[in-house]
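S.K.:
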DNA sequence: CCACTAATGTACGAACTAGTACGTTAGCTA
DNA sequence: TAGCTAACGTACTAGTTCGTACATTAGTGG
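Chains as they are written, first to last, in this note's numbering: chain A, 1 to 221; chain B, 222 to 442.
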């Protein structure tokens, strides 16, 4: 370490509000996801940043508001990913399968987000309810699902009587459970749902399930 | 209510180890489910029982062990329910549907259990791992699913290549998500997944999904 | 009915934890 | 370059929280 790290400031004290806030949010995300809201320690979060606890209160106001800010940013990431969805040029079956797989991938790649959502549910979604940013944003994925669904239903390809929200719930439930309940499921049944070797297996299982549901022969009904 | 309640003991102090323990577990279950492990307060749990904090440490050893005991009992309840499963006299399709519906019902009726499982996953299932009782019990439902599945696959009725554990995961994921993520889902998409008016809708959706998956025409594969 | 133990209650302490009062400085602007 | 303010650091406190030392009593076996 021959001084390539820090530009050797007089006191090492650099002022960068945006960077400080981002760093606090990064660390807070990890900590909240790791041990829950009540389990997280403001002192511990501060200690893991290059700044101090004072800054957390300066920028966010308190522990509760910090958690809300963490949630807002986490939901922002998934919304961004959904906005870059490009599946509507595919036929309905392929489009839905692709969309399900994207959800599958995103959940797997963001276990911290999954944990934050679990935690927020323990707290009755009170932070979401109290956030202006999170209150009024419908998922972009929902619109995409809605259009594909309508297309498939109009052509008679999709026989199931579901709307976009319910189908989104179905897809999410599988992806969410796999990541969120990984530990208890593994401990009780001896199977790691997030085992990389089984990744393709579960990804196909999800797609097969959703497509089978949508296109099932309902003549007997 | 003219004195049917308490038999008017001298000091109101009755000794009943089993009842005291059960009462502590009841209250602890509610508290842990309500605010999580770190959020729960030993003093608060004690205050809600007819006994004192001292007894929690006397019988359980500490907060951590109390949580483990709460989990053990909660899992015991679901195992008991699963043991009274009686679906093997039905044809495979009806049996699986019935089994899925029982899971659906049980999850809906035990939201506290769902929350405890969510919390335990936040903590990496360390309490399950450290519990002798919880380590070695396979779900009775798993055996039932396994037998039905084999029966359906042998007869050619079920085309899907899944085993009991995976099918259990599929069924559980839908039931679990609906209850566990009720709050965030409701806040974000404006739909209450546990709305009683929609109960039958989601119950049918689950059954349709599972059966469609198992019996899908896979000629094109 | 006596003695002994399981069961219970009270009071307290050490450590932690969210939040704040107060002081300092970097860096931009006039 | 003087001065002003946003950005930052230190030190502290009031209240909480898990856990325990010590005292007490109900009920049972002999």
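All C-beta atoms in this analysis are idealised placements derived from N, C-alpha and C, irrespective of residue type, glycine included.
1. What does the alpha-carbon distance come out to for the pair residue 373/B and residue 379/B?
2. Pull up the distance between the alpha-carbon of residue 192/A and that of residue 389/B, whole angstroms please.
3. What alpha helix (DSSP H) runs, 4 residues minimum, are completely inside the stretch 250–283 of chain B?
4. Output needed for residue 256/A: all residues of its chain with C-beta closer than 6 Å, excluding positions within five of it in sequence on either side, in chain order.
5. For the pair the stretch 342–354 of chain B and the stretch 286–299 of chain B, tell me if three or more CB-CB distances fall below 8 Å.
6. Identify the continuous alpha helix (DSSP H) that holds residue 130/A and give its terminal residues.
7. How would you write the range of the alpha helix (DSSP H) that residue 121/A sits in, first residue to last?
8. Determine which residues of the stretch 378–389 of chain B have a Cβ less than 8 Å from any Cβ of chain A, and write them out in chain order.
9. Residues in the same chain with beta-carbon distance under 7 Å from residue 111/A, minus the five sequence neighbours each way, listed in chain order, please.
10. Just mark residue 275/B as buried or exposed, buried being the case when its beta carbon has 16 or more other beta carbons within 10 Å.
11. Where does residue 305/B sit, in a helix, a strand or coil, going by DSSP?
12. To the nearest angstrom, report how far apart residue 187/A and residue 393/B are at their CA atoms.
13. List, in order along the chain, the chain A residues whose C-beta lies closer than 7 Å to that of residue 404/B?
14. Output the distance between the C-alpha atoms of residue 364/B and residue 19/A, rounded to the nearest integer angstrom.
15. Suppose you measure from the CA of residue 213/A to the CA of residue 164/A; what does that come to, to the nearest Å?
16. Pull up the distance between the alpha-carbon of residue 195/A and that of residue 189/A, whole angstroms please.
17. Can you tell me whether residue 216/A is buried or exposed? The criterion is at least 16 other CB atoms within 10 Å of its CB, across all chains shown.
18. Is it the case that the CB of residue 421/B approaches a heavy atom of the ligand ZN more closely than 7 Å?
19. Report yes or no: is there a C-beta of chain B within less than 8 Å of the C-beta of residue 170/A?
20. Identify whether residue 416/B lies in helix, strand or coil by the three-state DSSP scheme.
21. Residue 77/A to residue 281/B, Cα distance in whole Å?
22. Using a Cβ cut-off of 8 Å, which residues of the stretch 185–199 of chain A contact any Cβ in chain B, in chain order?
23. For residue 422/B, is the classification buried or exposed, using 16 other Cβ atoms within 10 angstroms of its Cβ as the cut-off for buried?
24. Considering only the alpha carbon of each residue, which of 166/A, 160/A, 181/A lies closest to residue 218/A?
M.R.: Result, derived from the coordinates:
1. 5 Å
2. One C-alpha to the other measures close to 14 Å.
3. 263–268, 274–281
4. Coverage of chain A is limited to positions 1 through 221, which leaves residue 256/A absent and any answer about it impossible.
5. yes
6. Counting along the chain, residue 130/A falls outside any alpha helix (DSSP H), and DSSP gives it neither H nor E.
7. 111–122
8. 381, 383, 386, 387, 389
9. 179
10. exposed
11. coil
12. 16 Å
13. 121, 124, 125
14. 54 Å
15. 14 Å
16. 14 Å
17. buried
18. The ligand content of the structure shown is nil, which means the ligand ZN is not present either.
19. yes
20. coil
21. 43 Å
22. 185, 186, 187, 188, 189, 191, 193
23. exposed
24. Residue nearest to residue 218/A within the set 166/A, 160/A, 181/A is 160/A (criterion: CA-CA distance).
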